[in-house]
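Note sheet for the following structure.
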Amino acid sequence: MSRNFLVIDPEEGIDVLKGLASPIRVKMLKLLHLEGAMNGNEIAEKLGLPQSTVSTNLQILEGAGLIRTETQKARKGNQKICHSTFDEVLVMFKDDIEPLRANTIEVSMPLGLYTSCEVSAPCGLCSSEGIIGLLDVPDTFLDPDRMKAGLIWFTRGYLEYQFPNNAKLAQNTIESMEFMLELSSEVPGTSADWPSDITLSVNGTEIGTWLSTGDFGDKRGVYTPDWWKLKGSQYGKLKSWRVTMDGTYVDGMKISPVSLHDLDLGNHHSIRLRIAVKPDAKHPGGINIFGRGFGNYDQDITLRLQTAP
């Protein structure tokens, strides 16, 4: 069964927010979601509520589009059957993301476009349609279908991506460099407590390590396809590695002294990003990298360069 999502802007979805702003209506939606379609009498019996209360709140939910109803024949006359419309409701402000500044250069790299790799099993790749190649066979990472990958995982090793240095091409000075990607640890199955040291390097220079706390599978990822098993990795954390003239930061917290000066990007025609779980990592808990069609963010690996005005 496919999953249905509703994404609303709170400024435009007031009726939906009102529909959710009641513990009784939330219980009714949860009941329909977990146990399937039922009529008003069944809902009232399951929740121990008066029929009149259930009827009034069903009208509100239907008006908000959070349930749909259909009429079916019953032993005596007709009955109205109620169905939950959505599996998840996401509330997002349309203007949450600021437009890119004029001096920003951004490049998105599909997950499967790595230029070199060295990984150990357990490992694998899959697209939004299915598994690519063979599971736990490192040579599968050379399969041309890797271009379609939306999820990649491995235990030890690295993937390396080669981004064009568009700032150099434009003869602009780089003031900051940022990589954004969705990551988690990797364990057979899932475990919220499974630490892993994930290290990024640029042009052969290590810029810093982030400790992933776990491999997340408590609920399906927002964009993870329905065919992907629920016991598998579902989503990660969207992390930002930012390198400035005074060091490297992950989500705004300084993690290393490596600076733009150390990387000397002005003398490189490309920016080579290596994502690794090192053999000598203190927490060698593997890695999941989520791209388009998987996880919670539906995005590629993104490089963002801020240049001097």
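For the sequence shown, the residue numbers in the UniProt record's numbering are 1 to 309.
Positions of the beta carbon are idealized from the N, C-alpha and C atoms, including for glycine.
Endpoints, the beta strand (DSSP E) within which residue i is located
i: Asn166; result: Asn166 -> not in any beta strand (DSSP E); alpha helix (DSSP H) instead, spanning 166-169.
i: Glu106; result: 104-109
i: Val16; result: Val16 -> not in any beta strand (DSSP E); alpha helix (DSSP H) instead, spanning 14-20.
i: Cys117; result: 116-119
i: Thr209; result: 205-212
Alpha carbon of residue i to alpha carbon of residue j, nearest angstrom
i: Tyr235; j: Lys168; result: 35 Å
i: Tyr158; j: Lys278; result: 8 Å
i: Arg156; j: Val54; result: 54 Å
i: Ile301; j: Leu273; result: 10 Å
i: Leu49; j: Asp298; result: 41 Å
i: Leu135; j: Glu62; result: 45 Å
i: Leu29; j: Gln59; result: 13 Å
i: Leu90; j: Val16; result: 11 Å
i: Glu45; j: Asp87; result: 23 Å
i: Leu20; j: Met147; result: 41 Å
i: Leu34; j: Ser256; result: 47 Å
i: Pro195; j: Lys237; result: 13 Å
i: Gln51; j: Lys27; result: 15 Å
i: Gly286; j: Lys219; result: 20 Å
Helix, strand or coil at residue i [DSSP, three-state]
i: Lys27; result: helix
i: Val137; result: coil
i: Asn57; result: helix
i: Leu47; result: helix
i: Met245; result: coil
i: His83; result: strand
i: Leu230; result: coil
i: Ile97; result: Unreliable positioning characterises Ile97 in this predicted model, as indicated by a pLDDT of 49, which lies under 50. A coordinate reading is not provided.
i: Met1; result: Because the pLDDT of Met1 is 35, which lies under 50, any placement of that residue in the model is unreliable, and the number read from its coordinates should be weighed accordingly. Residue state, collapsed to three classes: coil.
i: Leu90; result: strand
Sub-7 Å separation of residue i and residue j beta-carbons
i: Thr71; j: Cys82; result: no
i: Asn165; j: Ser270; result: yes
i: Ile132; j: Asp143; result: yes
i: Ser176; j: Thr104; result: no
i: Gly150; j: Arg292; result: yes
i: Ser233; j: Gly214; result: no
i: Leu265; j: Val107; result: no
i: Leu111; j: Ile152; result: yes
Residue from the options whose Cα sits closest to the Cα of residue i
i: Ala74; options: Asn203, Ala44, Asn39, Ser52; result: Asn39
i: His268; options: Gly214, Phe163, Ile287; result: Phe163
i: Gly247; options: Arg304, Glu206, Leu34; result: Glu206
i: Cys123; options: Thr213, Asn288, Gly13; result: Asn288
i: Glu160; options: Glu118, Thr209, Asp197; result: Glu118
i: residue 320; options: Val258, Asp264, His283; result: With the chain represented from 1 up to 309, any question about residue 320 goes unanswered, as that position is not in the structure.
i: Glu42; options: Gly13, Gln79, Ser22, Gln306; result: Gln79
i: Ala64; options: Lys18, Leu47, Gly189, Leu31; result: Lys18
First and last residue of the uninterrupted alpha helix (DSSP H) at residue i
i: His269; result: Per DSSP, His269 belongs to no alpha helix (DSSP H) and is neither H nor E.
Closer than 7 Å to chain D by CB, residue i
i: Ile301; result: The question asks about chain D, but that chain is absent: this structure has only one protein chain.
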